[in-house]
Each structure stands twice: as structure tokens, then as C-alpha cells.
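Peer 1: Right, I'll just put the structure down here and ask away after.
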Ligand code: PEP
Ligand code: MN
């Protein structure tokens with residue numbers, strides 16, 4: 008479904024294949040500021056049809072609002088990612104495909120945090136490696152779309168592009184830039200509650216006994232999890248007695264991320280500190296598989312910021328192009344700066360991953376490899392729902408682990424679309440959800456997510472890979 012060619016919403020002339028030289032529109036030698044992307048074409052420009060004055064008004068409002076994250080936090084994540092690159096830490100990133108404004112509520116936020124904490128507990132404890140946690144949260148409101156139109160209830164309507172842009176209601180699909188201001192305030196409220204939970208003791212490891220398992224039916228898994236928590240608490244209490252646990256066990260780091268898609272928002276949230284530019288709307292942003300064209304707007308925007316940047320790599324991406332992209336985004340080749348997020352599809356890993364690993368090696372790139380086993384495995388269920396099978400997702404993950412190992416590389420992390428709620432969007436897993444169950448609690452605004460039990464199960468499977 009992903010395509011790197013512009014099929015819609017082209018804001019400028021079609022991109023020509025450019026060489027990496029001074030004349031190239033987004034060459035590293037060219038001056039950069041948060042608005043240089045505006046002169047370049049873009050495959051996803053949701054406000055192309057909107058009066059420029061309306062967009063400018065929103066940009067002014069956003070520019071005056073305070074940062075959501077602080078540059079030192081971004082630098083801290085860069086440091087942790089450098090350790091992911093070095094193999095000392097493992098990266099867990101996850102959350103909704105599309106966050107919804109209506110999910111900005113205490114219980115939904117808490118349960119998203121809880122499942123991430125529980126997964127990272129399993130990974131850190133059972134996998135014996137500290138986990139870096141990045142949530143797709145507090146800003147994941149924009150969606151790239153392959154088609155300008157979609158069919159809803161038999162009617163052709165403009166595609167839903169996320170709460171950032173238009174409404175899920177098929178009768179209200181006109182893009183409205185004022186929604187970006189709403190997105191800012193929903194992000195701020197979400198992030199504030201996350202920070203409160205983290206500093207208020209929700210993430211205290213001593214409380215992990217009270218992070219109750221939900222929706223997990225398998226007795227075996229429950230016992231395994233409880234044994235893990237018992238062991239952990241035992242170890243902790245010993246360290247407490249020795250005075251060896253400080254503040255570190257009382258809270259954890261949690262970083263935020265979203266796709267850098269709606270550039271007027273990203274640019275307005277980009278601020279200068281000590282001579283460097285930071286995107287202050289999230290700690291990490293990524294470039295989607297549909298917007299990674301070397302000389303287009305999204306790459307131009309991302310090359311100027313200090314934040315770590317993810318790059319989605321689908322099966323249509325030629326490895327040489329990805330190498331050029333990495334050089335463009337990080338000419339200094341700094342470990343911890345770039346994350347290549349492969350989302351190839353289970354059946355493509357063996358054919359597509361080795362050439363990418365080889366190209367990255369030959370170019371000497373210091374990139375982190377992360378596996379998104381969701382986006383290459385989307386299919387249509389017999390019920391008509393967009394779905395993904397738990398086993399296929401797991402297969403891509405296992406294949407990716409194996410392939411890195413076989414080629415002298417290593418998988419630094421994983422990237423899931425998941426939620427802490429008991430939704431029925433992906434089939435299989437511990438609850439053996441099948442096509443006929445999908446309608447029961449199918450609440451995603453975009454792609455199907457692993458539910459609570461599927462996410463925890465995935466963490467146990469992953470921990471086994473990390474240990475081996
Ligand atoms: C996503 O992560 O939701 C997404 C759209 O991914 P991709 O760009 O890899 O298709
Ligand atoms: Mn998605």
C-alpha cells in the first residue's frame with residue numbers, strides 16, 4: 008500500500024532524481040531554517056486546498072505556545088539511543104496508529120502507560136537488557152494516506168487524515184488547520200498526565216505487583232508474569248536493604264514520538280536553544296514510508312533538527328536511496344541520531360533486509376535498526392476489516408532478529424501499533440481472536456493495533472529472542 012511516488016496532494020512540481028550535490032534543493036550545504044521545506048514538493052500536504060492565511064494564523068498561534076518537551080530531554084534520549092546503537096540497551100516503541108482526541112482521558116492514558124511499562128519490565132528482566140521506552144503518544148494525530156478518497160458506507164469521501172486535519176465523521180472531512188491548535192492542547196494534556204503518573208509513583212518498580220494483568224486468560228502466562236514480578240521485588244528489596252536502590256527504581260524514563268507529517272505544526276514547534284534547533288513537540292519524530300523522498304519537504308524539515316529521527320523503510324525502498332537519505336539527515340553520522348525502522352512484511356524480510364544491512368555497512372552508517380512488524384502485514388479479513396495476524400507479526404519479528412544475526416548486524420529495537428485496551432483489531436494471539444470477532448471492539452481510527460494481551464504476549468516472545 009505504501010508508495011514513494013507522489014500520487015496525490017502534490018504541492019509542487021514532481022521530484023526529479025537529484026544527485027547529492029550543492030545544487031540539490033535539500034543538500035546539507037544549503038542553509039536550513041524551520042521553513043526551508045516550504046519551497047519543496049510534498050506527497051502529503053493535507054492543507055494544500057486551504058487558504059494560506061488560515062494556515063499562517065495557526066502557525067502564529069502555535070509559535071507563541073510553550074514547548075511540550077525540553078531540549079535536554081531530547082539530548083538525554085540521544086544519549087540512550089547511542090547505547091541502543093552500542094547494543095547495551097533495547098528500544099521499545101509503541102502506541103496507537105492514530106491517536107484520537109477523544110482518547111485524551113485518564114483511564115486510556117494510564118492503561119497505555121501500564122502496558123508499555125509491563126512490556127518493558129518483561130524485556131528488561133527476562134531479556135536482561137535495560138529498555139528505552141518511546142510511546143507513540145501526545146501528538147500522533149496526523150495520518151499519511153495513499154489515496155485522496157476512501158469508501159465509507161458505500162460512499163466515496165475524502166480520506167480521513169487524522170484528528171490533526173479532518174474528522175472521522177465521513178460528513179466532515181474538510182481539512183481545518185485550526186485542528187492543529189486543538190492537537191497541541193490534547194498533546195499537552197496527555198503529556199502532563201503521563202508526567203504526573205510517572206513522578207507520582209505509578210511507574211515505581213516497588214508497585215509493579217499492583218500493575219495487574221488484564222485480559223490475560225492463559226494461566227501459564229499469568230504464573231510466568233507473577234513469578235517474574237516476585238523475583239524482581241525480591242531483588243529490589245535486597246537492594247533496598249543494601250541502600251543500593253535510589254530514585255532510579257521509583258520512576259522510569261518515557262519519551263514521546265509521532266510522525267513528522269503535518270509540517271506547519273512541526274515547524275511552529277521548532278525552537279532554537281543555544282544555537283541548535285529542536286522539535287519541541289516530541290522527543291523523537293519519524294519520517295513515514297510515503298514521505299521519505301530525498302528532495303521533498305519532509306526530509307528537508309527533518310535534516311535541520313537535533314532530535315533523533317526515525318525513517319520508515321518499506322519493501323519499495325532501494326537500499327542506496329536509504330543510504331543517501333541517512334547521509335542527508337545526519338552528515339556527521341552520529342550513533343543515536345537515526346533509527347531505520349524496517350517494515351518490510353514477513354515474506355520480504357529474507358529478500359529485502361540483507362541488501363539494506365549490506366548497504367548500511369558498506370557506507371559505514373551508525374544507524375539503529377528497529378523492526379516495525381505491523382505495517383508490512385496488513386490484510387483484509389473476511390469480515391471486511393483491516394487486520395493483522397499475531398503470528399505474521401511475530402514471524403516478521405523473528406525473521407528480522409535472525410537475519411540481523413546472520414549478517415553480523417543487530418536489531419536494536421521494535422516498533423508496535425498497540426494499545427492497553429482489550430480491542431479486537433488484530434487476529435490470533437492468546438485470546439485466539441478470529442475474523443468473526445473483529446467487529447466486537449474495533450475502535451481504531453486507522454490501522455489495527457495489538458491489544459493488551461497480544462502486546463504482553465509479544466513482549467514474552469521478544470524477551471526469549473533477547474536472551475538467546
Ligand atoms: C504508521 O506508522 O502508522 C505508518 C503510516 O507507517 P508507514 O509510514 O511505515 O506506512
Ligand atoms: Mn499505522
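In UniProt numbering, the protein residues as written are 8 to 475. For every residue, glycine included, the Cβ atom is placed at its ideal position computed from N, Cα and C.
So within the segment 265-321, which uninterrupted alpha helix (DSSP H) runs reach at least 4 residues, ignoring any that extend past its ends?
Peer 2: 270-275 and 304-309
Peer 1: Pull up the distance between the alpha-carbon of residue 54 and that of residue 343, whole angstroms please.
Peer 2: Counting from one through the chain shown, the residue named residue 54 turns up at place 47. Counting from one through the chain shown, the residue named residue 343 turns up at place 336. The alpha-carbon atoms of residue 54 and residue 343 are separated by roughly 33 Å.
Peer 1: Starting from residue 108 and walking both ways along the alpha helix (DSSP H), at which residues does that stretch end?
Peer 2: In the chain shown, the residue the question calls residue 108 occupies position 101. Where residue 108 is concerned, there is no enclosing alpha helix (DSSP H), given that its DSSP letter is neither H nor E.
Peer 1: Per the contact definition of three or more C-beta pairs closer than 8 Å, is the segment 330-341 in contact with the segment 368-378?
Peer 2: yes
Peer 1: Taking DSSP's pairing of strands, which residues face residue 425 in a bridge?
Peer 2: For this step, residue 425 is matched to residue 418 along the chain shown. In the DSSP output, where bridge partners are listed per residue, residue 425 has 457.
Peer 1: Taking C-alpha atoms, which residue in 282, 451 and 380 lies nearest to residue 407?
Peer 2: The residue given as residue 407 occupies position 400 in the chain shown. Closest by alpha carbon: 380.
Peer 1: Since residue 120 contacts residue 204 with CB under 8 Å, what's their CB separation in whole angstroms?
Peer 2: Residue 120 sits at position 113 when you count from the first residue of the chain shown. Residue 204 sits at position 197 when you count from the first residue of the chain shown. Correct: roughly 6 Å between the Cβ atoms.
Peer 1: Beta-carbon within less than 8 Å of residue 292's beta-carbon, same chain only, minus the 5 sequence neighbours each way: which residues are those?
Peer 2: Here the question's residue 292 lines up with position 285 in the chain shown. Contacts found: 264, 265, 266, 267, 273, 286, 309, 312, 314, 316 and 317.
Peer 1: Mapping the DSSP letters down to three states, classify residue 387 as helix, strand or coil.
Peer 2: For this step, residue 387 is matched to residue 380 along the chain shown. Residue state, collapsed to three classes: strand.
Peer 1: Report whether the distance from the Cβ of residue 213 to the nearest heavy atom of ligand 2 is below 7 Å.
Peer 2: Counting from 1 along the chain shown, the entry for residue 213 is found at position 206. Result no, Cβ not under 7 Å from ligand 2.
Peer 1: Can you give me the Cβ contacts of residue 346 inside the same chain, cut-off strictly under 6 Å, excluding the 5 residues immediately before and after it?
Peer 2: As a working note, residue 346 is residue 339 in the chain shown. Within the same chain, residue 346 has close Cβ partners 317, 375 and 377.
Peer 1: Considering only C-alpha positions, which residue in the set 124, 222 and 112 is nearest to residue 208?
Peer 2: Residue 208 sits at position 201 when you count from the first residue of the chain shown. Cα-wise, what sits closest to residue 208 is 124.
Peer 1: In its own chain, which residues sit with a C-beta less than 6 Å from the C-beta of residue 182, not counting the 5 before and 5 after it?
Peer 2: Locating residue 182 in the chain shown gives position 175, where the first residue counts as 1. Same-chain partners within the cutoff: 53, 54, 57, 172 and 173.
Peer 1: Quick check on residue 29: buried or exposed, where buried means 16 or more other Cβ atoms within 10 Å of its Cβ?
Peer 2: Taking the chain shown and counting its residues from 1, the one referred to as residue 29 is at position 22. Any reading at residue 29 must be qualified, since the residue scores a pLDDT of 45, below 50, and its modelled position is unreliable; no value is offered.
Peer 1: Express the C-alpha separation of residue 129 and residue 228 in angstroms, rounding to a whole number.
Peer 2: Numbered from 1 along the chain shown, position 221 holds the residue referred to as residue 228. Numbered from 1 along the chain shown, position 122 holds the residue referred to as residue 129. Rounded to whole angstroms, residue 228 to residue 129 spans 12 Å at the Cα level.
Peer 1: Is the beta carbon of residue 257 closer than 8 Å to that of residue 236?
Peer 2: For the purposes of this step, residue 236 is identified with residue 229 of the chain shown, where counting begins at 1. For the purposes of this step, residue 257 is identified with residue 250 of the chain shown, where counting begins at 1. No, the Cβ-Cβ distance between residue 236 and residue 257 is not below 8 Å.
Peer 1: What I want to know is whether the C-beta of residue 424 ends up closer than 7 Å to one or more non-hydrogen atoms of ligand 2.
Peer 2: Taking the chain shown and counting its residues from 1, the one referred to as residue 424 is at position 417. Look at residue 424: its beta carbon is less than 7 Å from one of the heavy atoms in ligand 2.
Peer 1: Measure the alpha-carbon distance for residue 168 versus residue 91 and round it to whole angstroms.
Peer 2: Locating residue 168 in the chain shown gives position 161, counting from the first residue. Locating residue 91 in the chain shown gives position 84, counting from the first residue. For residue 168 and residue 91, the distance between alpha carbons rounds to 32 Å.
Peer 1: Can you tell me where the alpha helix (DSSP H) with residue 478 in it begins and where it stops?
Peer 2: Any answer about residue 478 is impossible in this case: the structure gives the chain only from 8 up to 475.
Peer 1: Would you mind listing the beta strand (DSSP E) stretches within the segment 51-139 that are 3+ residues and don't spill past its ends, in chain order?
Peer 2: 97-102
Peer 1: Nearest CA to the CA of residue 410: which residue from 461, 191, 358 and 422?
Peer 2: Along the chain shown, read from residue 1 onward, the residue named residue 410 stands at position 403. Per the Cα distances, 358.
Peer 1: Between residue 48 and residue 303, is the Cβ-Cβ spacing less than 8 Å?
Peer 2: Within the chain shown, numbered from 1, the residue matching residue 48 stands at position 41. Within the chain shown, numbered from 1, the residue matching residue 303 stands at position 296. Yes. Within cutoff.
Peer 1: Does residue 202 pass the burial test, meaning 16 or more other C-beta atoms within 10 Å, or should it be called exposed?
Peer 2: Here the question's residue 202 lines up with position 195 in the chain shown. Counting Cβ neighbours within 10 Å, residue 202 comes out exposed, since fewer than 16 surround it.
Peer 1: Would you mind sorting residue 432 into buried or exposed? The rule is 16 or more other CB atoms within 10 Å of its CB.
Peer 2: The count along the chain shown starts at 1 and reaches residue 432 at position 425. By the neighbour-count rule (16 or more Cβ atoms within 10 Å), residue 432 is buried.
Peer 1: Ordered along the chain, which non-local residues of its own chain (more than five positions away) have a Cβ less than 6 Å from that of residue 198?
Peer 2: Translated into positions along the chain shown, residue 198 becomes position 191. Taken in chain order, the residues that qualify are 75 and 145.
Peer 1: Kindly list the residues whose CB is nearer than 6 Å to the CB of residue 239, restricted to its own chain and excluding five residues on each side of it in sequence; keep chain order.
Peer 2: Here residue 239 corresponds to residue number 232 of the chain shown, with the count starting at 1. Taken in chain order, the residues that qualify are 132.
Peer 1: What is the C-beta distance between residue 104 and residue 193, in whole angstroms, given that I count them as a contact (C-beta under 8 Å)?
Peer 2: Here residue 104 is taken as the residue at index 97 of the chain shown, counted from 1. Here residue 193 is taken as the residue at index 186 of the chain shown, counted from 1. Rounded, the Cβ-Cβ distance is 16 Å, inconsistent with contact.
Peer 1: Ligand 2 and residue 392: does any heavy atom of the ligand fall closer than 7 Å to the residue's C-beta?
Peer 2: Within the chain shown, the letter at position 385 stands for residue 392. No.
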